[in-house]
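In case it helps, the numbering used here puts the sequence shown at residues 376 to 775. Structure first, commentary second.
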Amino acid sequence: MALVTTKEMFKKAYEGGYAIGAFNVNNMEIVQGITEAAQEQKAPVILQVSAGARKYAKHSYLVKLVEAAIEETGVDLALHLDHGADFEICKSCIDGGFTSVMIDGSHHSFEDNIAVTRRVVEYAHDRGVVVEAELGRLAGIEDAVNVSEADSSYTDPAQVEEFVTRTGVDSLAIAIGTSHGAYKFKPGQKPQLRFDILEEVERRLPGFPIVLHGASSVMQEYVQMVNQYGGQMPGAIGIPEEMLREAAKMAVCKINIDSDIRLAMTAAIRRHLVEHPDHFDPRQYLADARDAVKEVLPALDNLERALEAAKALLKSSGPSRKERTACRSAGVSASRSAAVLLRVCPVRGLWRYGCGGSMRVGYTVRRFGRPVRTGGGSADSRRRSWPPLFPRQAGSRCRY
Ligand code: G3H
Ligand code: 13P
Ligand code: ZN
Numbered sequence: 376m377a378l379v380t381t382k383e384m385f386k387k388a389y390e391g392g393y394a395i396g397a398f399n400v401n402n403m404e405i406v407q408g409i410t411e412a413a414q415e416q417k418a419p420v421i422l423q424v425s426a427g428a429r430k431y432a433k434h435s436y437l438v439k440l441v442e443a444a445i446e447e448t449g450v451d452l453a454l455h456l457d458h459g460a461d462f463e464i465c466k467s468c469i470d471g472g473f474t475s476v477m478i479d480g481s482h483h484s485f486e487d488n489i490a491v492t493r494r495v496v497e498y499a500h501d502r503g504v505v506v507e508a509e510l511g512r513l514a515g516i517e518d519a520v521n522v523s524e525a526d527s528s529y530t531d532p533a534q535v536e537e538f539v540t541r542t543g544v545d546s547l548a549i550a551i552g553t554s555h556g557a558y559k560f561k562p563g564q565k566p567q568l569r570f571d572i573l574e575e576v577e578r579r580l581p582g583f584p585i586v587l588h589g590a591s592s593v594m595q596e597y598v599q600m601v602n603q604y605g606g607q608m609p610g611a612i613g614i615p616e617e618m619l620r621e622a623a624k625m626a627v628c629k630i631n632i633d634s635d636i637r638l639a640m641t642a643a644i645r646r647h648l649v650e651h652p653d654h655f656d657p658r659q660y661l662a663d664a665r666d667a668v669k670e671v672l673p674a675l676d677n678l679e680r681a682l683e684a685a686k687a688l689l690k691s692s693g694p695s696r697k698e699r700t701a702c703r704s705a706g707v708s709a710s711r712s713a714a715v716l717l718r719v720c721p722v723r724g725l726w727r728y729g730c731g732g733s734m735r736v737g738y739t740v741r742r743f744g745r746p747v748r749t750g751g752g753s754a755d756s757r758r759r760s761w762p763p764l765f766p767r768q769a770g771s772r773c774r775y
């Protein structure tokens, strides 16, 4: 198994209508948590490293941790530079073993953004590395730079074709209302994303992979846990998971997650230390933190497996109307195929089973292994051969 680029991943994700999770890694526990979960779920995954991560952990430690993770878990993964500010950092990561880089010229003028992006693309493509760029500007905190709401701007769809054509970039991050950090909306404010912009971008760039930054959902269970065990994160709010699902069904192929990892680890460590005031071996609380990281990814289901099974299913006749209604009542987007059903399920812990005369879909949301929400519905199935893709006990999961 090896480090791969995102090319094949994005192609499959676009065609399959799902998105790949891209997780920021800063230390060993995060690398292990994400890759072990990816291994268990057989999920494709992107590990990304920011300038801040390189400063904190050093480039070679991070690359070697990632190489070790591939050796240990056997997963294929892409190693990506997140928010590369200039050509030099992109070059350094390309030369230093990354398979993908982001050149973030979003703070430049349109022409300067094109120029720097084009330069990185030429250097990267000559070396088999793919490039993500950004048009429009997200609000929030990036690498100690705080972009105020006033300085943020939505992507102008009228610019995307020219930008992509002139730069030759492989994927594009756009601004549709997500933002970096754990405070994306104000309490009481209705979370909203500009899906109309995404739709227009997709219309202008059919088949082209779009990236969503600032996509953490800031799970409230973790916020509560942080607050309960001595932290202070009042009013932390993220992107509702159903909006991520919606985006993934459209052209979004990569969903960037950092804050959710920070939050899960912090919650776990705070809880551990309060519950075990005598512990002072870092391995004790860091093991809990690593387990918490694993809970962030389950989000991503065994998409490959789901797709394969669903393709087989589609060769028969696809879910019946009744089954789709059952999916809806289970909170799962109704769709023509079980593949879509599985990949867009709104919560972790989706399960579906049924052969012969009936089927049932449902979900169980777990946090730290504890069920916190369940739901479901049943329907008649006209197919006798519907394979039990996800035996209930297996607790297969997906999110986007
Ligand atoms: O988009 C920004 C990421 O959350 C990276 O954050 O620069 O603090 O590592 P960082
Ligand atoms: P969050 O702060 O929403 O996790 O976004 C992370 C990100 O976009 C990294 O590039
Ligand atoms: Zn980002």
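Cβ coordinates follow ideal geometry from the N, Cα and C atoms, glycine included.
Just to confirm, are Leu661 and Val593 a CB contact at a threshold of 8 Å?
The answer is no: Cβ separation not under 8 Å.
Confirm, please, whether the CB-CB distance from Glu509 to Asp545 is below 8 Å.
Not a contact, by the Cβ cut-off of 8 Å.
Since Gln423 sits in a beta bridge, which residues does DSSP pair it with?
Asn399, His455.
Quick one: is Arg439 buried, meaning 16 or more other Cβ sit within 10 Å of its Cβ, or exposed?
One point to set straight first is that residue 439 is Lys, not Arg, in the sequence displayed. Lys439 comes out exposed.
I'd like to confirm something about Ala548: is its beta-carbon nearer than 7 Å to some heavy atom of the ligand G3H, or not?
No, the ligand G3H has no heavy atom inside 7 Å of this Cβ.
Could you check whether the segment 414–429 touches the segment 394–401, counting it as contact only if at least three pairs of C-beta atoms, one from each stretch, sit closer than 8 Å?
Short answer: they touch.
May I ask which residues mark the beginning and end of the alpha helix (DSSP H) holding Glu650?
First-last of the alpha helix (DSSP H) with Glu650: 634–650.
When DSSP builds the beta bridges, which residues end up paired with Lys629?
Lys629 is bridged to Ile395, Val586.
Which parts of the segment 461–505 are runs of the alpha helix (DSSP H), unbroken and 4 residues or longer, counting only runs that do not cross its ends?
Runs found: 462–470, 485–500.
For the ligand ZN, is there a heavy atom less than 7 Å away from the beta-carbon of Asp635?
Asp635: no, Cβ never under 7 Å from the ligand ZN.
Cβ of Gly459 within 8 Å of Cβ of Val496?
Going by C-beta atoms, Gly459 is not nearer than 8 Å to Val496.
When you compare each of Glu536, Tyr436, Ala548 to Cys628 by their alpha carbons, which one comes out closest?
Closest by alpha carbon: Ala548.
Between Pro652 and Gly610, is the Cβ-Cβ spacing less than 8 Å?
No, the Cβ-Cβ distance between Pro652 and Gly610 is not below 8 Å.
Can you tell me the Cβ-Cβ gap for Arg645 and Gly606, rounded? I've got them flagged as a contact below 8 Å.
The pair is a contact, with the Cβ atoms about 6 Å apart (cut-off 8 Å).
Would you mind reading off the limits of the alpha helix (DSSP H) that contains Ile551?
Neither: Ile551 is in no alpha helix (DSSP H) and is coded neither H nor E.
In chain order, what residues of the same chain lie with their CB nearer than 8 Å to the CB of Val539, ignoring the 5 residues before and after it?
The residues are Leu547, Leu580, Phe583.
Hey, would you say Ala453 sits closer than 8 Å to Thr474, going by beta carbons?
Yes.
Going by beta-carbon coordinates alone, are Ala346 and Val576 separated by less than 8 Å?
For the chain, the structure presents residues 376 to 775; residue 346 sits outside this window and is missing.
Within the continuous alpha helix (DSSP H) that includes Val441, where are the two ends?
Counting along the chain, the alpha helix (DSSP H) containing Val441 begins and ends at 434–448.
Please tell me whether, using a cut-off of 7 Å, the distance from the CB of Ala632 to the nearest non-hydrogen atom of the ligand 13P is below it.
Per the sequence shown, residue 632 should be read as Ile rather than Ala. Because some heavy atom of the ligand 13P lies under 7 Å away, the Cβ of Ile632 counts as near it: yes.
Between which two residues does the alpha helix (DSSP H) containing Ala662 stretch?
Start and end: 657–671.
On the three-state DSSP scale, how would you describe Ile612?
Ile612 falls in the strand class under three-state DSSP.
I'd like to know whether the C-beta atoms of Asp635 and Val671 end up nearer to each other than 8 Å.
Cβ atoms of Asp635 and Val671: closer than 8 Å.
Quick one: residues in its chain with C-beta nearer than 6 Å to the C-beta of Ile551, no 5 flanking neighbours on either side, listed in chain order?
Closer than 6 Å at Cβ, skipping near neighbours: Leu568, Arg569, Ile572, Leu573.
Measuring straight from C-alpha to C-alpha, what distance separates Ile409 and Ile464?
Going from the Cα of Ile409 to the Cα of Ile464 covers about 25 Å.
Any heavy atom of the ligand 13P closer than 7 Å to the CB of Asn399?
For the ligand 13P, at least one heavy atom lies less than 7 Å from the Cβ of Asn399.
Among Glu446, Glu650, Glu596, Ala499, whose alpha-carbon lies nearest the alpha-carbon of Leu378?
The candidate whose alpha carbon is nearest that of Leu378 is Glu446.
Quick one, are the C-beta atoms of Ala862 and Ile614 less than 8 Å apart?
Residue 862 falls outside the range modelled here, since the chain spans only 376 to 775, and no answer is possible.
From His455 to Gly471, what does the alpha carbon distance come to, in whole angstroms?
Taking the straight line from one Cα to the other gives about 11 Å.
Of the residues Lys433, Gln603, Gly503, Phe462, which one's Cα is nearest the Cα of Asp487?
With distances taken between Cα atoms, Asp487 lies closest to Phe462.
Going straight from the alpha carbon of Lys624 to that of Lys559, what length do you get?
Their Cα atoms are separated by approximately 22 Å.
Whole angstroms is fine: what's the gap from Glu442's alpha carbon to Gly503's?
So the alpha carbons of these two residues sit roughly 18 Å apart.
Quick one: what's got a C-beta closer than 8 Å to Val649's C-beta in the same chain, skipping five residues either side?
Hits under 8 Å: Tyr604, Gly605.
Does at least one heavy atom of the ligand ZN sit under 7 Å from the Cβ of His455?
Checking the Cβ of His455 against the ligand ZN gives no.
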